[in-house]
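Numbering (our numbering), first residue to last: 845 to 1192. Report on the following structure.
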């Protein structure tokens, strides 16, 4: 990352622009080099000042944030942090933005003094990210596979895992879809903890369910019995997703509790529960994300006999969670995002 990070703030609200600028004052590494009220103003500032990161409001008059994001990703890729109001429509749009190549979506929340707390740290992480050009307007262009294509009609799991646990954070919306999209209907039940707010997780689950028809994808509910072909995503908010029971009969529980490592739901809580309930009949996968959530839980899974996979640095948007897990000895196999699905189904 450069010594100073040049940031362009794009938001149609003068108040929001000023609050974002003030939120960056506690980060001496961040220089706000310009503020724009619409994409037309932003375009001229991008050309003149070449920012390292852009914060971009999703809903603006004229050209909206998604349309501008598509142009940025296609013509001049720059790390973009989308800023969204916490509405259902905003959540759906935020998920689309992540699919299109946005580094992260930051929800406007709380009072004026709290609405942008934490945005500066995300911007600093984004400055380390080098996005590639995107060719599709309605969504991301998929990476080209170099190995055999996995067919959901012919693929079988070599190991009959009782459950698969997946943990992810920044970059995980794209990564999770890439991992599970070709898993067959006979797949073991899959439980996922992806760091995002509550409205985002429901939109994320609905999107995956529509894109992956052979699997049943939904937010996890308390007390559901897990069965093959089921994918359950930890709801964002006030509770942790854990598993209870004894393999092969496992069921979901949503448990109150303090954040673990700043996260609720926590990947560590989910993985520790999988280690206790499924042990050697489970598979754990840790994907791209900031921080270290999930590393200790994945280690507990491996020590209990589970198989474990960590995403590699080259294919991670942020090589944080999988890096810490690998350093702890929690990762049995390191693989690129495109290699993980075949590797998961081929373990024996």
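Backbone N, C-alpha and C define an ideal beta-carbon position, used for all residues, glycine too.
- Counted as a single uninterrupted DSSP element, the stretch harbouring residue 1012 is not any alpha helix (DSSP H) but the beta strand (DSSP E) occupying residues 1007-1012.
- Counting of Cβ neighbours within 10 angstroms places residue 969 among the buried residues, the total reaching 16 or more.
- When 1079, 889 and 1057 are compared, the shortest CA-CA separation from residue 1048 is found for 1079.
- For residue 1147, the enclosing alpha helix (DSSP H) has its first and last residue at 1139-1147.
- Judged by beta-carbon spacing, residue 854 lies within the 8 Å limit of residue 886, meaning their Cβ atoms are closer than that value.
- Shortest Cα-Cα distance from residue 1175 to any of 938, 1022 and 1011 involves 1011.
- Counting the other CB atoms within 10 Å of its CB gives residue 847 a total below 16, which places it among the exposed residues.
- DSSP places residue 1031 in the coil class of the three-state scheme, outside both helix and strand.
- For residue 901, the enclosing beta strand (DSSP E) covers residues 897-901.
- Secondary structure note for residue 883: its alpha helix (DSSP H) is the uninterrupted segment 883-893.
- Here the stretch 1148-1164 does not lie against the stretch 1035-1047, with fewer than 3 beta-carbon pairs under 8 Å apart.
- Pairing residue 1120 with residue 1113, the inter-Cα distance amounts to about 11 Å.
- The DSSP-derived three-state label of residue 1113 is helix.
- Straight-line measurement puts the Cα of residue 856 at about 8 Å from the Cα of residue 880.
- As DSSP reads the structure, residue 939 sits in no beta bridge.
- Fully enclosed beta strand (DSSP E) runs of no fewer than 3 residues occupy 1083-1090 and 1093-1100 of the stretch 1082-1112, in order along the chain.
- Nearest Cα to residue 860 within the set 1188, 904, 1044 and 1009: 904.
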